[in-house]
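A short write-up of the structure that comes next.
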Ligand code: SF4
Ligand code: FES
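Residue numbers (the numbering used here): 2 to 323.
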């Protein structure tokens, strides 16, 4: 075990732990935001730079500060390392700059975006961004396209985090999409005339931190804060069958994976609980699910403003169970 101090809090972690994961062990404000790292998808991280931290002392052996800010999702801790996240002015200023870059081409279309209310970029901008944009150039624009029967791609909103590419590589039997071109011309696209219809590909929608990939079976049915997220299970031979069903009254509007407080898929005994496409897209009948109860959404989000977890004084049940 080695000792690391993050924002004046000391913790002992195993060798090989990244600064981000050490911070997550402490929890709270100490944890840097992460828009591209996703713990259940090995190989992710290092793309978005939102997780930058200041390393004020490299280690006990070599206590010199690291001159540049470091990406916490891919920098491993050293014994005696001192890290600053929210206590560093440089980090706060640079993170605002990173948000500005991420928003350089991202349209400010939250009022019409289906991801609004559960968008990591919206939350990141609110918590770390600047009040106004300095961007005067023309943003690059793309027409929204259907990439398969179930998924809509709004490339305008993509921040090129590559999480969806890792889902296709690691979960589906064939990857038929990826990043085309280079530099600021890079875009996510399917191979010519291919559509994404491999089983488990729906998990791309959940890992996408913005509204670039959305569920065509649920788009625009309701704003997310009008829905009641419920833990539900079903009999499934392909996946865990453990999901969150988003209900409006007795109707299931959409089905997603269960996510932790970092918006990442919940893991049981180290096994990510991914959903197969049948459970996600085809089981919109509530009789197909056993509803366990309200899902606590432990994130900075308007979803919790729905107060769906409060008991209904009339029947003493959560108000969304009829
Ligand atoms: S489509 Fe979404 S998940 Fe894929 S690279 Fe873009 S932002 Fe990331
Ligand atoms: S989360 Fe570390 S670079 Fe994106």
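We put the beta carbon where it would ideally sit given N, CA and C, even for glycine.
Per DSSP, the continuous alpha helix (DSSP H) segment holding residue 125 begins and ends at 121–129. For residue 35, the CB falls within less than 6 Å of some heavy atom of the ligand FES. About 6 Å separates the Cβ atoms of residue 78 and residue 20, confirming a contact at the 8 Å cut-off. The secondary-structure analysis by DSSP pairs residue 204 with nothing; it has no beta-bridge partner. Bridge partners of residue 178 according to DSSP: 191.
Beta-bridge partners of residue 230 (DSSP): 247. Your pair residue 237 and residue 208 does not check out as a contact, with CB atoms roughly 20 Å apart and the cut at 8 Å. Residue 205 and residue 212 have their C-alpha atoms spaced approximately 11 Å apart.
Looking only at 133, 61, 52, 247, the smallest Cα-Cα distance to residue 81 is reached by 61.
Taking 6 Å as the cut-off, the C-beta of residue 163 does not count as close to any heavy atom of the ligand FES.
Distance from the CA of residue 33 to the CA of residue 129, rounded to the nearest whole angstrom, comes to 11 Å.
For residue 184, the closest C-alpha among the options 3, 161, 230 is that of 161. Distance check between residue 44 and each of 197, 216, 75, 68 places 75 closest, using alpha-carbon atoms only. A distance below 7 Å separates the beta carbons of residue 244 and residue 256.
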